[in-house]
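**Student:** Could you have a look at this structure, given as structure tokens, before my questions?
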Amino acid sequence: MDYNTGKKKLILPEYGRNVQKLVEYATTIKDSKERNKMAKTIITIMGNKNPHLRDIIDFKHKLWDHLAIISEFKLDIDSPYETPKPTILTEKPKQIPYNYHEIKYKHYGRSIELLIDATIKLDEGEEKEILINIIANHMKKLYFTWNREMVNDDIIFKDLEELSNGKLNINRSLKLYDPKENISRIRKKKILRKK
């Protein structure tokens, strides 16, 4: 019996052994026109085997690149795209620079600090007050995620004032969202559904 473990390793397994055999056969074709015709047929088969690639921008380009990779860059054809170099398979990806920012309160995260900075730049008015209210409520939700015992509005207002370096006029009489009330409502709904 002929097992797959005894056969040549598949270069791109998502296309299967038959596509790899077709590519190997195409590399043996001497006539350039026949080889190009065979390559186009293989591209059509590869596209049909993986229809999800059609959602990708330039999926035809990707298929031609995969054809070159499966042939181990030995297939001499007139590709409509530039054939990739074999070194693309071994080169390391470029390092992505990581932004290191000192986050004052990690439980609020960097996004809250960015929101506060953007709100500080706004002109005084109703829009700014609404944004401060939204930020304070979101801070309370985030705080509640890490401290389920007690979430005091005064702590949220103090942290918001500290994060804004005192540049935001915070209305301490605001009634902030109470996450515990929301949890009790959810529990009541679950109990009613069970009945």
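Using my numbering, the first residue of the sequence shown is number 2, and each one after it goes up by one.
Where is the CB? At the ideal position from N, CA and C, for every residue including glycine.
How far does the alpha helix (DSSP H) with His67 in it extend, from its first residue to its last?
**Tutor:** Taking the sequence shown and counting its residues from 1, the one referred to as residue 67 is at position 66. Element bounds for His67: 60-71.
**Student:** For the pair the stretch 99-115 and the stretch 70-90, tell me if three or more CB-CB distances fall below 8 Å.
**Tutor:** no
**Student:** In three-state DSSP terms, what is Gly126?
**Tutor:** Reading the sequence shown from its first residue, position 125 is the one you call residue 126. Three-state DSSP puts Gly126 in coil, outside helix and strand.
**Student:** Between the stretch 65-75 and the stretch 14-23, do at least 3 Cβ pairs fall closer than 8 Å?
**Tutor:** yes
**Student:** Within this structure, are the beta carbons of Ala40 and Ser80 separated by less than 9 Å?
**Tutor:** Taking the sequence shown and counting its residues from 1, the one referred to as residue 40 is at position 39. Taking the sequence shown and counting its residues from 1, the one referred to as residue 80 is at position 79. Cβ distance < 9 Å, so Ala40 and Ser80 count as in contact.
**Student:** Considering only their Cβ atoms, is the gap separating Tyr109 from Asp56 smaller than 9 Å?
**Tutor:** The sequence position of residue 56 within the sequence shown is 55, counting from 1. The sequence position of residue 109 within the sequence shown is 108, counting from 1. No.
**Student:** Which value, in whole angstroms, describes the spacing of the CA atoms of Asp77 and Ile117?
**Tutor:** Looking up residue 77 in the sequence shown gives position 76. Looking up residue 117 in the sequence shown gives position 116. Distance between the alpha carbons of Asp77 and Ile117 is about 58 Å.
**Student:** Assign Ser72 to buried or exposed, taking buried as 16 or more other Cβ atoms, counted over all protein chains shown, within 10 Å of its Cβ.
**Tutor:** Residue numbering aside, residue 72 sits at position 71 when the sequence shown is read from its first letter. Label assigned to Ser72: buried.
**Student:** Residues in its own chain within less than 8 Å of Ile136 by CB, not counting five upstream and five downstream?
**Tutor:** Position 135 of the sequence shown, counting from 1, holds the residue named residue 136. Here the set comprises Ile113, Leu116, Ile117, Thr120, Leu161.
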